[in-house]
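Numbered per the UniProt record's numbering, the sequence shown spans residues 1 to 205.
One structure is given here, and the rest of the page talks about it.
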Amino acid sequence: TYQQMGIRPSCGILLYGPPGTGKTLLAKAVATESDAEFMAISIPELIRSHVGESEKALCGVFQRARQSAPCVVFLDELEAIFGSRDASGEVGRQVCMCGRRILITQLMLELDQLHEASADAPHSAVVLLAATNHPEMIDPAILRAGRLDCLVYVPPPSLADRRSILALHMARTPFSEALGQQLRHAADLLDGYTGADIAAVVRMA
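Right, dumping it as structure tokens:
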């Protein structure tokens, strides 16, 4: 449909929301439903001690993704080294400011190339799915049209979702009838809790 209308589909999607809401699982589900390869890249994989090695590592990621296309590349905690070029963080401090700028520039170049290629071969595309808990920290240049221009909020689970998550985790652990009943009603009290938080509640019970 995109090709017929002459529209280039987005090649970059940013998932944002509180930690523990299932952004990684959502990214895997997107790859599965799209019948695409899934490549999860951790930030430490991109941090190299020698000058020029970090951007080479990033370039290598996208080269492998193109060879495996269609492919979903997942990059978690994007803000760690792709945050604002004036920002700093625990992981980001391992990359000098100059190195950070070069990495951001390399990522923008890769996204621009994906955007150009998607017009000609939408069915063999590479899509970057990135995740962050702090979208306000991401360098604005990365979020421009044609790059990570599709932002998707991943909220904490709804009441119905909390009940389902509770039931899932409770099914794996034997509880007394009284405690089980209390846990089943706990979903109403867990507003704002993430899936990871709810799993921890069941474990501690």
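A virtual CB, placed ideally from N, CA and C, is assigned to each residue, including glycine.
Query, Result
"Would you identify the three-state DSSP class for Gln94, choosing helix, strand or coil?", "Its pLDDT being 48, under 50, Gln94 is placed unreliably by the model, and nothing is read from it."
"Pick out whichever of Pro44, Glu45, Val30 has its Cα sitting closest to the Cα of Phe38.", "Val30"
"Taking 9 Å as the cut-off, decide whether the C-beta atoms of Thr21 and Pro156 are in contact.", "yes"
"Taking the alpha-carbon of Lys56 as reference, which of Ala27, Phe82, Gln106, Leu15 has the nearest alpha-carbon?", "Gln106"
"In this structure, does DSSP put Glu136 in helix, strand or coil?", "helix"
"With burial defined as no fewer than 16 other Cβ atoms inside 10 Å of the residue's Cβ, what is the status of Arg101: buried or exposed?", "exposed"
"Can you tell me where the alpha helix (DSSP H) with Ala65 in it begins and where it stops?", "53 to 67"
"Note the first and the last residue of the continuous beta strand (DSSP E) segment covering Leu151.", "150 to 153"
"What residue range does the beta strand (DSSP E) around Glu37 cover?", "37 to 41"
"If distances are taken between C-alpha atoms only, which option among Ala171, Leu159, Asp112 comes closest to residue 214?", "The structure shown does not extend to residue 214, since the chain is modelled only from 1 to 205, so the question has no answer here."
"So, at 7 Å on beta carbons, what are the nonlocal neighbours of Ile48 in its own chain, with the 5 sequence-adjacent residues on each side left out?", "Looking at the sequence itself, residue 48 is Arg, so the reference to Ile does not match. Excluding positions up to five away in sequence, the list reads Ser54, Ala57."
"Where does Ala130 sit, in a helix, a strand or coil, going by DSSP?", "strand"
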